[in-house]
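Some notes on the structure that comes next.
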Amino acid sequence: MSTLASLEERALADLRSCTEEAALRAWKTRYLEGEVDQAVKKIGTLPPAERPTYGKQVNELKKKLTAEYESALAAEKERALERSLASAPLDVTLPGRPVQRGRLHVSTQTLRSIYAIFADMGFQIYRSPEVEDDETNFGLLNMPEHHPARDMWDTFHTTRPGVLLRTHTSPGQIHVMRELCPKPIRVILPGMCYRYEAITTRSEIMFHQVEGLAIGEHVTMADLKGTLIAFARRLFGDQRKVRIRSSYFPFTEPSIEVDVDCIVCAGEGCSLCKRSGWLEILGAGMVHPVVLRNGGYDPACFSGFAFGMGPERIAMLTYAIDDIRQFWANDLRFLRQFGT
Ligand code: DAH
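Residue numbering for the sequence shown follows our numbering, beginning at 1 and increasing consecutively.
Written as structure tokens, this is what we have:
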């Protein structure tokens, strides 16, 4: 018992002489984790009769020293904070460092507007691969080998024969038809496409497209017209005039192209619309019977419409952007102009 009393006395005297956090931690190692711990372990070596009294005292000592240590440590931390504030005053009125806020790329913003409009019309998003085979990119879309229409798409071929980077999202039509046949389909297929072209203000080697495909037992040209006119009005505004022209694509019959009246001159004729008063926004048509059959659908029972558009082109028309190279140039002065 007298050892415990002297241990307490020594420990408290030492504790009072500690003026730094490091010294306090050293004190803890020496006493709480050292001598006090030893004293606790001694209980087991005592004759049973002495254990209760000794045990009680040693536990009280431990509790007391722990409490003293904790309050000394808290007091020291408080003093350290005061010392540091006194040596380098903190000015809480200084303005904070500005937080740089990012924004979505103009293409992503355009894609999302397109998704939202078609989602409201019941179209789901279907993803299909960017690396395609020749057969799906061309053959199954009614362009057999050596078909002159293949010249419409300058192609990046890979070193693997027959493997290429898709030149348009239309091969996705084959993937979705083969997966869902014979169910009805109403999807859009967005994604990146690649073309082996000279990069100019009007053409890039990579760009997005959004393909659309609807297949059912009674899908007609009227459905296609209604869908595309509703889409153009929602994207460009209710006042926009929409024009439908006949066109040619190997995978649709009949094929059409859709124009809106020029956003700059409203039809008067300017340099953006090349004096025509109209801007082309997409190609479309009724899915060719050969393509339906390649997708697994019997053209005698099913019909469908398809369309394809370029979001970069649509963004260019919307914001009067005159150089498509801006999209992938990563120039913040350009990108910061779009969105908040
Ligand atoms: N794939 C065509 C292109 O890249 C766009 C297109 C036109 C897609 C008509 C279609 C369509 O689905 O029906 O130029």
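For each residue, glycine too, the CB sits at the ideal point set by N, CA and C.
Check	Outcome
What are the start and end residues of the beta strand (DSSP E) that includes G285?	W278 to V287
Here's the rule: buried if 16 or more other CB atoms are within 10 angstroms of the residue's CB, otherwise exposed. What is S246?	exposed
Cutting at 8 angstroms between CB atoms, please list the residues of its own chain near R243, excluding the five before and the five after it.	V258, D259, V260, D261 and W278
Taking its Cβ as the centre, do 16 or more other Cβ atoms sit within 10 Å of S303, making it buried, or is it exposed?	buried
Buried or exposed: D301, going by 16 or more other Cβ atoms within 10 Å of its Cβ?	What sits at residue 301 in the sequence shown is Cys, not Asp. With fewer than 16 other Cβ atoms within 10 Å, it is exposed.
Please classify S128 as buried or exposed, where buried requires at least 16 neighbouring CB atoms within 10 angstroms.	buried
To the nearest angstrom, report how far apart E50 and A74 are at their CA atoms.	36 angstroms
Would you call the CB atoms of N137 and H168 closer than 9 angstroms?	yes
Is the segment 54-74 touching the segment 22-40 in the sense that three or more CB pairs, one from each, lie closer than 8 angstroms?	yes
I'd like to confirm something about F249: is its beta-carbon nearer than 8 angstroms to some heavy atom of the ligand DAH, or not?	yes
Does Y194 have its Cβ less than 9 angstroms from a Cβ in chain C?	Here chain C cannot be found, since the structure has a single protein chain.
Residue ranges of each beta strand (DSSP E) run of no fewer than 3 residues wholly in the segment 205-284, ordered along the chain?	206-216, 242-249 and 252-261
Helix, strand or coil for P311 per DSSP?	helix
If we count the other Cβ atoms within 10 Å of its Cβ and call it buried at 16 or more, is N294 buried or exposed?	buried
Would you say the beta carbon of E211 is closer than 8 angstroms to some non-hydrogen atom of the ligand DAH?	yes
Per DSSP, what are the beta-bridge partners of D154 in this structure?	According to DSSP, which records beta bridges pairwise, D154 is partnered with nothing at all.
May I ask you to report which of helix, strand or coil DSSP gives V99?	coil
So is the beta-carbon of G283 under 8 angstroms away from any non-hydrogen atom of the ligand DAH?	yes
Between which two residues does the alpha helix (DSSP H) harbouring L15 extend?	S2 to R16
Mind checking whether the beta-carbon of H175 lies closer than 8 angstroms to any heavy atom of the ligand DAH?	no
Quick one, are the C-beta atoms of P211 and Q173 less than 9 angstroms apart?	According to the sequence displayed, residue 211 carries Glu and not Pro. Yes, these two residues count as a Cβ contact at 9 angstroms.
Which runs of the beta strand (DSSP E) spanning at least 3 residues fall entirely within the segment 101-188, listed in chain order?	131-133 and 163-165
Assuming G339 contacts L104 (C-beta within less than 8 angstroms), just tell me the rounded distance between them.	6 angstroms
Is there at least one non-hydrogen atom of the ligand DAH closer than 8 angstroms to the beta-carbon of C181?	no
Quick one: measure Cβ to Cβ for A329 and S107, integer angstroms, because I've assumed they're closer than 8 angstroms.	A329 to S107, Cβ: 12 angstroms. No contact.
Quick one: what does DSSP say F327 is sitting in, helix, strand or coil?	helix
Confirm, please, whether the CB-CB distance from P250 to H157 is below 9 angstroms.	no
Give the secondary structure of P190 by DSSP, where H, G and I count as helix, E and B as strand, and everything else as coil.	strand
Could you tell me if the beta carbon of M221 falls within a distance shorter than 8 angstroms of some heavy atom in the ligand DAH?	no
I want to check one thing, is the minimum distance from the CB of H208 to the heavy atoms of the ligand DAH below 8 angstroms?	no
Where V264 and P161 are concerned, what is the direct C-alpha to C-alpha distance, given to the nearest angstrom?	46 angstroms
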